[in-house]
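Following: one structure in structure tokens, then a few remarks.
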Amino acid sequence: MTETGITTRPVSPALGAEVEGIDLSEPLTAERHAEIRALLNSHLVLFFRDQDLTLEQHKELGRGFGDLHIHPAAPNVEDHPEVIRIRADRNSRVVAGMKWHADVTCDARPPMGSILHLHQVPPVGGDTMFANMYAAFEALSLPMQRFLEGLTAVHESAQVHRDRFGFGGELRDGANAFPEARHPVVRTHPETGRKCLFVNENFTTRIEGLAKHESKALLAMLFEHITTPEFHCRFTWTCKAVAFWDNRCTQHRTVWDYWPATRHGYRVTIAGDNPV
Ligand code: SIN
């Protein structure tokens, strides 16, 4: 336990910690902000149980870590454009986040992090899996690390947003083209200075400068590598739990094994920087 009464329990050796002793609905003091940031830099994803948060408090918590990101296409909540509704029930045909991904890497400045609060959980199932992208990078051979460090990847969103949201026209912010961006395949985390793998199965479609078949094979190898269980933790939700992940050095995927039960909550997403 720290001097301020916080305890942390790692969820796996790779990443993730359950944090006790913090009420996230309380205004974020400078000290509390620094504690959470330090924990996030150490554990990459933090879990807090039994948190009573209104949507305003949820947004306020996110704003404590940066401007809130507005998703170009995901369903948001009336009067709260910064809040994404996460919901699956017996009528769902697809749910958000079923492939390994970091959030919205199709943006030029992908989010720094996301905070998900579940208000309703299924009786069993509905876990979220997380993967440590420092570990994924460090587990590659040195020649492969060097090769990847010189590469840039294209991250597109049309294939994700069109399929998932059935979106045919103008996006929420008035843009008429699905966002896409170019990012280094290996980025350096701006706070820890550590290198991590930054390609994901949802958004990354090709690697610049390689022949099509080379890019396809390399991405297939990296996407397979990211599924290595030793890089993972798995969080079993309870009602009102919160997960706060660092989107720069982790990936996640949801497990939809609970149909026809309902799982429901809200996510706010914190704006990030230009990956380098
Ligand atoms: C997401 O990708 O943000 C959703 C994760 C989840 O619902 O488990």
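Everything in the sequence shown is counted per my numbering, starting at 87 for the first residue and increasing by one.
We put the CB at the ideal spot given by N, CA and C, even for glycine.
Taking the alpha-carbon of residue i as reference, which of the options has the nearest alpha-carbon?
i	options	result
cysteine 282	Glu89, Arg195, Thr93, His269	His269
asparagine 286	His205, Cys192, Thr214	Cys192
histidine 311	Ala222, Ala188, Ile122	Ala222
proline 315	Thr94, Pro99, Ser128, Val328	Pro99
glutamate 294	Thr313, Thr140, Gly279, Ala267	Ala267
threonine 214	Ser243, Ala182, Gln245	Ala182
leucine 110	Leu125, Asn127, Glu146	Glu146
arginine 280	Ala329, His119, Thr90, Leu130	Leu130
tryptophan 186	Pro276, Arg273, Val362, Thr290	Thr290
alanine 174	Thr348, His144, Ser128	Thr348
valine 354	Leu139, Ala239, Val180	Leu139
glycine 148	Glu164, Ile172, Asn127, His119	His119
valine 97	Lys298, Met307, Asp165, Asn218	Asn218
arginine 339	Thr313, Ala327, Asn360	Thr313
Per DSSP, which residues does residue i bridge with? Please list them.
i	result
arginine 149	Answer is none; arginine 149 lacks a bridge partner.
serine 200	Trp331, Thr355
glutamine 206	His350
arginine 320	Met215
valine 240	Arg268, Arg292
threonine 93	Glu106
Rounded to the nearest angstrom, how far is the Cβ of residue i from that of residue j, given a contact under 8 Å?
i	j	result
valine 105	threonine 94	5 Å
Does any C-beta atom of chain E lie closer than 7 Å to the C-beta of residue i?
i	result
arginine 171	Absent from the structure is chain E; it holds one protein chain and no more.
query = Which full runs of the beta strand (DSSP E) of 3+ residues lie inside the segment 164-195, going along the chain?
reply = 166-174
Segment contact flag, the segment 225-232 with the segment 143-157, C-beta cutoff 8 Å, min 3 pairs = no
request  = Tell me, please, whether the segment 113-122 touches the segment 303-323 by the rule of three or more beta-carbon pairs shorter than 8 Å.
outcome  = no
Length at least 3, wholly inside the segment 252-318: the beta strand (DSSP E) runs in chain order = 266-270, 272-274, 281-283, 290-293
ask   = Counting pairs of Cβ atoms below 8 Å between the segment 185-203 and the segment 300-308, do you hit three or more?
value = The segment 185-203 vs the segment 300-308: no contact.
request  = Tell me, please, whether the segment 200-209 touches the segment 322-333 by the rule of three or more beta-carbon pairs shorter than 8 Å.
outcome  = The segment 200-209, when compared against the segment 322-333, does touch it at the 8 Å Cβ threshold.
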